[in-house]
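Trainee: Here's a structure for you.
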Amino acid sequence: MKGIVMTAAGGPEVLQWQELPKPAIQRPDEVLVRLKGAGINPVDTKLRTRGTFYPDRSPTILGCDGAGIVEAVGAEVKNFKEGDEVFFCFGGIGGPEGNYAEYVTVSYRSIAKKPKSLSFPEAAAAPLVLITAWEALHDRARIQPEHRVLVHGGAGGVGHVAIQLAKRAGARVCTTVSSEEKGEFVRALGADHVINYRETDFVEAVMEWTEGKGVEVAFDTVGAGTFEKSCEAVAIYGDLVTILQPSADMNWGTARTRNLRFSLELMLTPMHLGLTSALEHQADILRCCAELFDSERLSIHLRQTFPLGEAAAAHRLLEQGGMMGKLALEVG
């Protein structure tokens, strides 16, 4: 098969088009998937730049998100058969089990049936951001109807899904963006209040929107100073969830005074640590979201696709920043 191999840590040029052995089922819980699409995520560019979780495993194929057609199943596989169209987030953090390739083997516990309403590239662009947003809002922050929620970076990959999931949960949502174009985009997704952080102090805007109380939930997809400053915008006893590493020199004074509850969200943890029940939970999330897609209650914005052989170009575009929605590779 053909695939994109990361030959070393470095710039996009380390992603090389190579001929590779076609993978085969090694464990009874695995399925062999003929990939039709692979999602591109910021974690891919970080792993490419810094090195993977498993630097001693080779070849290294990136790509956590995949969508394709089941070609073979192991003896213990349940609920899936040859010919099923599936999507999933698994692999791509080191070693050969990534999705920038024509085939991959995946545990059936991590996959779900592809939404019928999505193309393969659209489905491949969705899993990581769906799981991240769902876990952050439902599992970490315990979002409730009528909660007021602040989503940072609402036009981005995770952010644009988080807005929709929060609205489906009955919350009122405000979000930060950097341009009027992005403002129009997030309003169409259902955002109740849009803050252009380049023109307006987001804390002041949030406090005005909430009549001085702050939001019950803030979801940070930006990190650095935005995370620390968000403490001022969260209601007393509220929740602040981040997908980034808090700064070592962060001042926790405001957070302590307001009795905030903090959560860290890294959806790769179950894969990295081999947590079977957590992987099954993530597949359940994908099944729930597939129903939302097919009932037109959820959408994924796929900005652009690239042929598999142009993965390096996709990385270059993503690293320019300011992305609306997602990128994906078309395979086959």
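Numbering (full-length UniProt numbering) for the sequence shown: 1 to 332.
Note that the Cβ used here is the ideal one computed from N, Cα and C, for glycine as well.
Which same chain residues, not among the five before or five after K326, have their C-beta less than 6 angstroms away from its C-beta?
Mentor: Only A125, G157 and L302 meet the Cβ criterion.
Trainee: Would you list the residues sitting across from F293 in a DSSP beta bridge?
Mentor: The partner list for F293 (beta bridge, DSSP) is empty, contrary to what the question assumes.
Trainee: Which stretch, first to last residue, makes up the beta strand (DSSP E) that contains V86?
Mentor: E85 to C89 is the extent of the beta strand (DSSP E) around V86.
Trainee: Is the Cβ-Cβ distance between Y203 and V173 less than 8 angstroms?
Mentor: The question names Tyr, but residue 203 in the sequence shown is Val. Not closer than 8 angstroms, so no.
Trainee: Let me check understanding here. Comparing Cα to Cα, which of A133, G91 and T200 lies closest to L273?
Mentor: Of the candidates A133, G91 and T200, the one whose C-alpha sits nearest the C-alpha of L273 is G91.
Trainee: Report the residue ranges of all beta strand (DSSP E) runs contained in full by the region 18-102; include only those spanning at least 3 residues, in chain order.
Mentor: Here the runs fully enclosed are 30-40, 65-73 and 85-89.
Trainee: Out of curiosity, what's the CA-to-CA distance linking R148 and A188?
Mentor: Rounded to whole angstroms, R148 to A188 spans 18 angstroms at the Cα level.
Trainee: With 16 as the cutoff for other CB atoms within 10 Å, does Q144 come out buried or exposed?
Mentor: That one is exposed.
Trainee: Name the one or two DSSP bridge partners that I111 has.
Mentor: Answer is F88, bridged to I111.
Trainee: Pull up the CB-CB distance for V286 and A112, whole angstroms please, since I reckon it's below 8 angstroms.
Mentor: The displayed chain sequence assigns Leu, not Val, to residue 286. Confirmed, about 4 angstroms.
Trainee: Is R269 helix, strand or coil when you go by DSSP?
Mentor: In the sequence as presented, Arg is not what sits at residue 269; that position holds Thr. Note: T269 maps to helix in three-state DSSP.
Trainee: Under a three-way DSSP split, which group does V206 fall into?
Mentor: Looking at V206 - three-state DSSP - the assignment turns out to be helix.
Trainee: Going by DSSP, name the residue or residues bridged to F306.
Mentor: Per DSSP, L329.
Trainee: Is the region 62-72 touching the region 22-41, taking contact as three or more C-beta pairs under 8 angstroms?
Mentor: Yes: the two stretches touch, three or more of their Cβ pairs being nearer than 8 angstroms.
Trainee: Give the range of the beta strand (DSSP E) segment to which G253 is assigned.
Mentor: No beta strand (DSSP E) contains G253, which is instead part of the alpha helix (DSSP H) from G253 to T257.
Trainee: Note down, in chain order, each residue of its chain lying with its Cβ closer than 7 angstroms to the Cβ of E76, except the 5 sequence neighbours on either side.
Mentor: Same-chain partners within the cutoff: P28 and D29.
Trainee: Determine the direct distance from the alpha carbon of G214 to that of E208, and round the result to whole angstroms.
Mentor: Spanning the two alpha carbons is a distance of roughly 9 angstroms.
Trainee: Once DSSP output is grouped into helix, strand and coil, what is the label at A218?
Mentor: Looking at A218 - three-state DSSP - the assignment turns out to be strand.
Trainee: Confirm, please, whether the CB-CB distance from F120 to G68 is below 8 angstroms.
Mentor: Yes.
Trainee: So for A8, helix, strand or coil by DSSP?
Mentor: A8 falls in the coil class under three-state DSSP.
Trainee: Enumerated in chain order, which unbroken segments of the alpha helix (DSSP H) with a length of 4 residues or greater are wholly contained in the region 221-253?
Mentor: The region 221-253 contains these whole alpha helix (DSSP H) runs: 225-230.
Trainee: If you drop the 5 nearest sequence neighbours on each side, which residues of the same chain put their C-beta closer than 7 angstroms to that of A8?
Mentor: Within the same chain, A8 has close Cβ partners V14.
Trainee: When the Cα atoms are used, what is the spatial distance from G225 to C288?
Mentor: Cα-Cα distance, rounded: 34 angstroms.
Trainee: Between the region 241-256 and the region 179-186, can you find at least three pairs of beta-carbon atoms closer than 8 angstroms?
Mentor: With the cut-off at 8 angstroms, the region 179-186 and the region 241-256 do not touch.
Trainee: Taking all protein chains shown into account, do 16 or more other C-beta atoms lie within 10 angstroms of the C-beta of R198, making it buried, or fewer, making it exposed?
Mentor: Under this definition R198 is an exposed residue.
Trainee: Please tell me whether T175 and V194 are closer than 8 angstroms, where the distance is taken between their beta carbons.
Mentor: Yes, the Cβ-Cβ distance between T175 and V194 is below 8 angstroms.
Trainee: Rank L128, L118 and P96 by C-alpha distance to the C-alpha of S110 and give the top, closest one.
Mentor: The option with the nearest alpha carbon to S110 is L128.
Trainee: Which residues in the same chain as K116 place their Cβ atom closer than 6 angstroms to its Cβ, once the five residues preceding and following it in sequence are excluded?
Mentor: Excluding sequence neighbours, K116 sits near D294.
Trainee: Residues in its own chain within less than 7 angstroms of G309 by CB, not counting five upstream and five downstream?
Mentor: So the qualifying residues of the chain are W17.
Trainee: Could you work out which residue in A133, S107, G159 and G95 is closest to L266 when comparing CA atoms only?
Mentor: Of the listed residues, the one whose Cα sits closest to L266 is A133.
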